[in-house]
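In mature numbering (1 follows the signal peptide of the UniProt record, and there is no 0), the protein residues as written are -21 to -1, 1 to 359.
C-beta: ideal position from N, C-alpha, C; glycine also.
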Ligand SMILES: *[C@@H]1O[C@H](CO)[C@@H](O)[C@H](O)[C@H]1NC(C)=O
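And the structure:
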């Protein structure tokens, strides 16, 4: 496994040097000025230029992609870094069960419901709409108020601004060992109505209001418990996921460029739907994740959740923000609401609300518990 991935990595590097068509800096500038976007549709295949309308057509056809226009580097044109670039990290078995169980015993469904009703109240959270900006400011304020309520934590909540109007948000609990590798929990705060992105109603209750509020409540629980990690823990709410993983790519690239170490990254994207007639499970995504981290995640679920975990069918290329971190060589995982294919069928429409048949508060509650356990066990 190890040897073959090294060989694969070398092969990819050689391919990059010898045959791949690199998009030049001049071409990047010229096409970007025309409003074109550079889109990566497949691993190992050169990205292609598309219009904004083409991007929407791809989304409507349920084709996922990275919009790499702002992160593409002609000097390192490989989009997906080979596995062998990932830092060798081993994850110990969960070992703080009494502390973690005491924290998750305080999880508040009422808080989760209040947070989600706040987020879904915006007409949409589209990354280029004013209500999308308002939603980001709402997360900034909500997470900021949590941090302010527990000043001893020294937690900070900041905007990560982008070239488009909606920012991503980063809440950080500093480590007592400040330079230590960061544990990252991510979700995306934007939503989209594929029929009418800018002005259409997109409550995005499940996609990805659910993951976003799991993170808010986990952040609150940890601060309320006086959690002081050894290594930093960060909660990220990404902008522009629905437009080609824009926010997470920008942040992952900047962390990589500054040499920031990441211990593990867990993405929560859709955690509230159980298809009627199916057995309730937590489904671990098998692709664009770290196998060791997935094993650790399974052990966390066994220790701290009432639900069993299963391995999901693959979600494919560029399916959520974890892939942006994977591409930079960081270890990632994605516990999903259901086996891929049994997930919420009404996302990206005005119907993605809490009243859809199959929407489950008790299901999404489990992912808040996993988020607390992930942050605690890795950060302590
Ligand atoms: C749980 O909540 C109670 C009531 O707010 C608080 O006194 C207690 O410290 C909390 N426990 C933990 C571990 O956070």
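Checklist entry - Looking only at C-alpha atoms, which of 230, 70, 47 and 169 sits nearest to residue 297? => result The option with the nearest alpha carbon to residue 297 is 47.
Item to check | Residue range of the beta strand (DSSP E) that includes residue 216 | outcome: Counted as a single uninterrupted DSSP element, the beta strand (DSSP E) harbouring residue 216 occupies residues 212 to 217.
Checklist entry - If you pair each beta-carbon of the stretch 158 to 174 with each one of the stretch 209 to 226, do three or more pairs fall below 8 angstroms? => result Segment contact: the stretch 158 to 174 against the stretch 209 to 226, three or more CB-CB distances shorter than 8 angstroms; contact assigned.
Checklist entry - Distance, Cα to Cα, residue 350 vs residue 214? => result Rounded to whole angstroms, the gap between the alpha carbons of residue 350 and residue 214 is 10 angstroms.
Next on the checklist: Beta-carbon within less than 7 angstroms of residue 137's beta-carbon, same chain only, minus the 5 sequence neighbours each way: which residues are those?
Outcome noted: So the qualifying residues of the chain are 149.
Checklist entry - So, using beta-carbon positions, are residue 211 and residue 125 closer together than 8 angstroms? => result When the beta-carbon positions are compared, residue 211 and residue 125 stay at least 8 angstroms from each other.
Next on the checklist: Under 6 angstroms, CB to any heavy atom of ligand 1. Which residues pass, going along the chain?
Outcome noted: Those satisfying the condition are, in chain order, 81, 82, 85, 203 and 204.
Checklist entry - To which residues does DSSP link residue 252 through a beta bridge? => result According to DSSP, which records beta bridges pairwise, residue 252 is partnered with 338.
Checklist entry - Measuring CB to CB, does residue 189 end up less than 8 angstroms from residue 250? => result The criterion of a C-beta distance shorter than 8 angstroms is satisfied by residue 189 and residue 250.
Checklist entry - What number of angstroms, rounded off, separates the C-alpha of residue 225 from the C-alpha of residue 307? => result Going by the C-alpha atoms only, they are around 14 angstroms apart.
Checklist entry - In terms of residue numbering, what span does the alpha helix (DSSP H) encompassing residue 275 cover? => result Where residue 275 is concerned, the enclosing alpha helix (DSSP H) stretches over 270 to 283.
Checklist entry - Where does residue 340 land, buried or exposed, given buried means 16+ other C-beta within 10 angstroms? => result Sixteen is the threshold: since fewer than 16 other Cβ atoms of the shown chains lie within 10 Å of the Cβ of residue 340, the residue is exposed.
Checklist entry - For residue 167, which beta-bridge partners are listed by DSSP? => result Among the bridge pairs identified by DSSP, residue 167 is matched with 217.
Item to check | Residue burial classification, residue 289 (beta-carbon count within 10 angstroms, cutoff 16) | outcome: Exposed, since its Cβ has fewer than 16 Cβ neighbours within 10 Å.
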